[in-house]
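Data block below; observations after.
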Amino acid sequence: MITSGLIQDLTDFADSDPQVEAGDFEPRIWQASQWQSRLWMLPQSATMHVLFYDRALVEEMGWPALPTEDWAGFTQFLEQARAHTGTDANSTVLFDVDGALLAAYASQLHCSLPLDQQQAQADCLGGIGQTNWAAGLDWYRAAVVDMQTIMDLSDHSASARESLALQVKSLPLRTVVWTEHPTNYEHYRQLHTLGIAPLPGDAETRVTPLHLHGSVISQQSANPQAVWQWINYLTFERPLIRPRDIPARRSVAMRIGYWGNLPTPLRVIMHDQFARARPVLLAEAEHLEWQNLAPLFDGRETPTATAQQIVDPPWFTLATAAGHGP
Numbered sequence: 187m188i189t190s191g192l193i194q195d196l197t198d199f200a201d202s203d204p205q206v207e208a209g210d211f212e213p214r215i216w217q218a219s220q221w222q223s224r225l226w227m228l229p230q231s232a233t234m235h236v237l238f239y240d241r242a243l244v245e246e247m248g249w250p251a252l253p254t255e256d257w258a259g260f261t262q263f264l265e266q267a268r269a270h271t272g273t274d275a276n277s278t279v280l281f282d283v284d285g286a287l288l289a290a291y292a293s294q295l296h297c298s299l300p301l302d303q304q305q306a307q308a309d310c311l312g313g314i315g316q317t318n319w320a321a322g323l324d325w326y327r328a329a330v331v332d333m334q335t336i337m338d339l340s341d342h343s344a345s346a347r348e349s350l351a352l353q354v355k356s357l358p359l360r361t362v363v364w365t366e367h368p369t370n371y372e373h374y375r376q377l378h379t380l381g382i383a384p385l386p387g388d389a390e391t392r393v394t395p396l397h398l399h400g401s402v403i404s405q406q407s408a409n410p411q412a413v414w415q416w417i418n419y420l421t422f423e424r425p426l427i428r429p430r431d432i433p434a435r436r437s438v439a440m441r442i443g444y445w446g447n448l449p450t451p452l453r454v455i456m457h458d459q460f461a462r463a464r465p466v467l468l469a470e471a472e473h474l475e476w477q478n479l480a481p482l483f484d485g486r487e488t489p490t491a492t493a494q495q496i497v498d499p500p501w502f503t504l505a506t507a508a509g510h511g512p
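Each residue of the sequence shown is one higher than the one before, starting from 187 at the first, in the numbering used here.
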């Protein structure tokens, strides 16, 4: 949308509006809303996923808790769970409705240095290279296709994925583990013997992806200044669709008592994850959609080829050639 000229550059709107103080926005969220140092989306909130799991089944398999200390142990658990639960086509080991684990795997490879190294933090917010994306895509493809531990959702629309998610995560439970935004924590606790865990990774280097939500202004807008005033107003409100999304503005998080109002098990995990969270960049997000991963799963593309499209999206190249690029 950016290089095709479909949306407006918001940089001048932000620079001339006294209500927009970049310092009030969580720095990582603000930076990820830009492309080539220009603001294209005014951020309102970010989703950070956690892992929910069937605690009784995990204990039945001999694990005291879901092993998420490293990716190797987590992968081993998924393989064991596949053998334990069988190959029922109506069930799965791991349900990853938003594809959060793909971004998490590649992000950890990209952001592999300890948190206290400031340069490492700055580098972590940059684009993930092709090698790390290819490794993440290879792990994800193997889990979906070879081990069949993650359900393939590439032929489902967004609404169909959400509908299937309701079936898989309701009673009787048809999955062992699922990624989820934290809004439904109390609901799942009532339905299941629920366990909750961070996304996989070493405690010192674990990286959790943040999925941004915000507003853009169309080039076809008849009154872009009025639209700007409205979308800026929304940044001062609590997240509406998913109440436990993290507000983009620090002042909003403080006003609504965001962290203090989370249930303790959620707060402990999310606060720890947020310290090393990495926003999914605007140039990456579209290519991580389930439907865009179908060529990877059916063999039409290799992980390396798919990774190249994420790092150097073809539509950027085409738009630039057509005269709409930077």
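Quick reminder that beta carbons are idealized off the backbone N, C-alpha and C, glycines included.
When the distance is taken between beta carbons, is D324 closer than 7 Å to P499? No; because the gap between Cβ atoms is not below 7 Å, this pair is not in contact.
Using the Cα positions of Q353 and R347, report the straight-line distance between them to the nearest angstrom. Cα to Cα, Q353 sits roughly 10 Å from R347.
Going by other Cβ atoms of all chains shown within 10 Å of its Cβ, with 16 needed for buried, is L482 buried or exposed? L482 comes out buried.
Assign Y562 to buried or exposed, taking buried as 16 or more other Cβ atoms, counted over all protein chains shown, within 10 Å of its Cβ. Residue 562 is absent from the structure shown; the chain starts at 187 and stops at 512.
Would the stretch 235-247 and the stretch 349-365 be scored as touching if the rule is three or more Cβ pairs under 8 Å? Yes: the two stretches touch, three or more of their Cβ pairs being nearer than 8 Å.
Alpha helix (DSSP H) segment containing F238, residue limits: F238 -> not in any alpha helix (DSSP H); beta strand (DSSP E) instead, spanning 236-240.
Please classify G285: is it buried, with 16 or more other beta-carbons within 10 angstroms of its beta-carbon, or exposed? Counting other Cβ atoms within 10 Å of its Cβ, G285 reaches 16 or more and is therefore classed as buried.
Below 7 Å CB to CB, which residues in the same chain sit around G509 once its five sequence neighbours on both sides are set aside? With a pLDDT of only 34 at G509, under 50, the local geometry of the prediction cannot be trusted, and no value is derived from it.
Of the choices C297, P250, F238, E255, whose alpha-carbon is the least far from that of D282? Proximity to D282 across C297, P250, F238, E255 peaks at F238, based on C-alpha coordinates.
Simplified DSSP assignment, three categories, for P386: Note: P386 maps to coil in three-state DSSP.
Along the chain, which unbroken stretches of the alpha helix (DSSP H) at least 4 residues long are found entirely within the stretch 187-260? The alpha helix (DSSP H) runs lying completely inside the stretch 187-260 and spanning 4 residues or more are 197-201, 213-218, 241-246, given in chain order.
Pairs of beta-carbons, one from the stretch 372-387 and one from the stretch 230-237, closer than 8 Å: are there three or more? Yes, they touch.
Would W416 be called buried (16 or more neighbouring beta carbons within 10 Å of its own) or exposed? Counting Cβ neighbours within 10 Å, W416 comes out exposed, since fewer than 16 surround it.
How about S345 and Q477: are their beta carbons less than 7 Å apart? Going by C-beta atoms, S345 is not nearer than 7 Å to Q477.
For a quick check, are the C-beta atoms of A218 and P465 less than 7 Å apart? Contact: yes.
Length of the line joining the Cα atoms of S437 and T421: Answer to the nearest angstrom: the Cα atoms are 10 Å apart.
By the 10 Å Cβ neighbour count, where 16 or more other Cβ atoms means buried, how is H367 classified, buried or exposed? Per the 10 Å Cβ criterion, buried.
I think T394 touches L385, with their Cβ atoms under 8 Å apart; what is that distance to the nearest whole Å? With 8 Å as the limit, T394 and L385 qualify as a contact, their Cβ atoms being about 5 Å apart.
Could you tell me the alpha carbon to alpha carbon distance between W257 and Q220, rounded to whole angstroms? Roughly 30 Å between the two C-alpha positions.
Does the distance from the CB of A232 to the CB of L396 come in under 7 Å? Inclusion of A232 and L396 in the CB contact set at 7 Å is warranted, their separation being smaller than that value.
So, using beta-carbon positions, are L398 and P229 closer together than 7 Å? Cβ distance < 7 Å, so L398 and P229 count as in contact.
When DSSP labels each residue in this structure, what does I496 get in the three-state scheme? Reduced to three states, the DSSP call for I496 is helix.
Pairwise C-alpha distance: S349 and S343: Cα to Cα, S343 sits roughly 10 Å from S349.
On the DSSP letters alone, give me the boundaries of the alpha helix (DSSP H) that A286 sits inside. DSSP places A286 inside the alpha helix (DSSP H), whose first and last residues are 286-296.
For N418, I'd like the list of residues in its chain whose CB is within less than 7 Å of its CB, leaving aside the five on either flank, ordered along the chain. Same-chain partners within the cutoff: D203, Q205, V206, L228.
CA nearest to the CA of I496, picked from A412, C297, R214, N318: When only C-alpha atoms are compared, the closest one is N318.
Below 8 Å on the Cβ atoms is my guess for A292 versus A329; work out the distance and round it to an integer in Å. Not confirmed; about 14 Å, so no contact.
Using CA atoms only, rank isn't needed, just tell me which of T261, P250, I193, E255 is closest to G387. With distances taken between CA atoms, G387 lies nearest to E255 out of T261, P250, I193, E255.
Bridge partners of H378, per DSSP? BP columns for H378 are empty, so no partner.
Pull up the distance between the alpha-carbon of A507 and that of N276, whole angstroms please. Residue confidence is low: A507 scores 34 on pLDDT, short of 50, so the model does not pin down where it sits. No coordinate-derived value is stated.
Mind checking which residues open and close the alpha helix (DSSP H) that includes T365? For T365, there is no enclosing alpha helix (DSSP H); the residue is found in the beta strand (DSSP E) stretching over 361-366.
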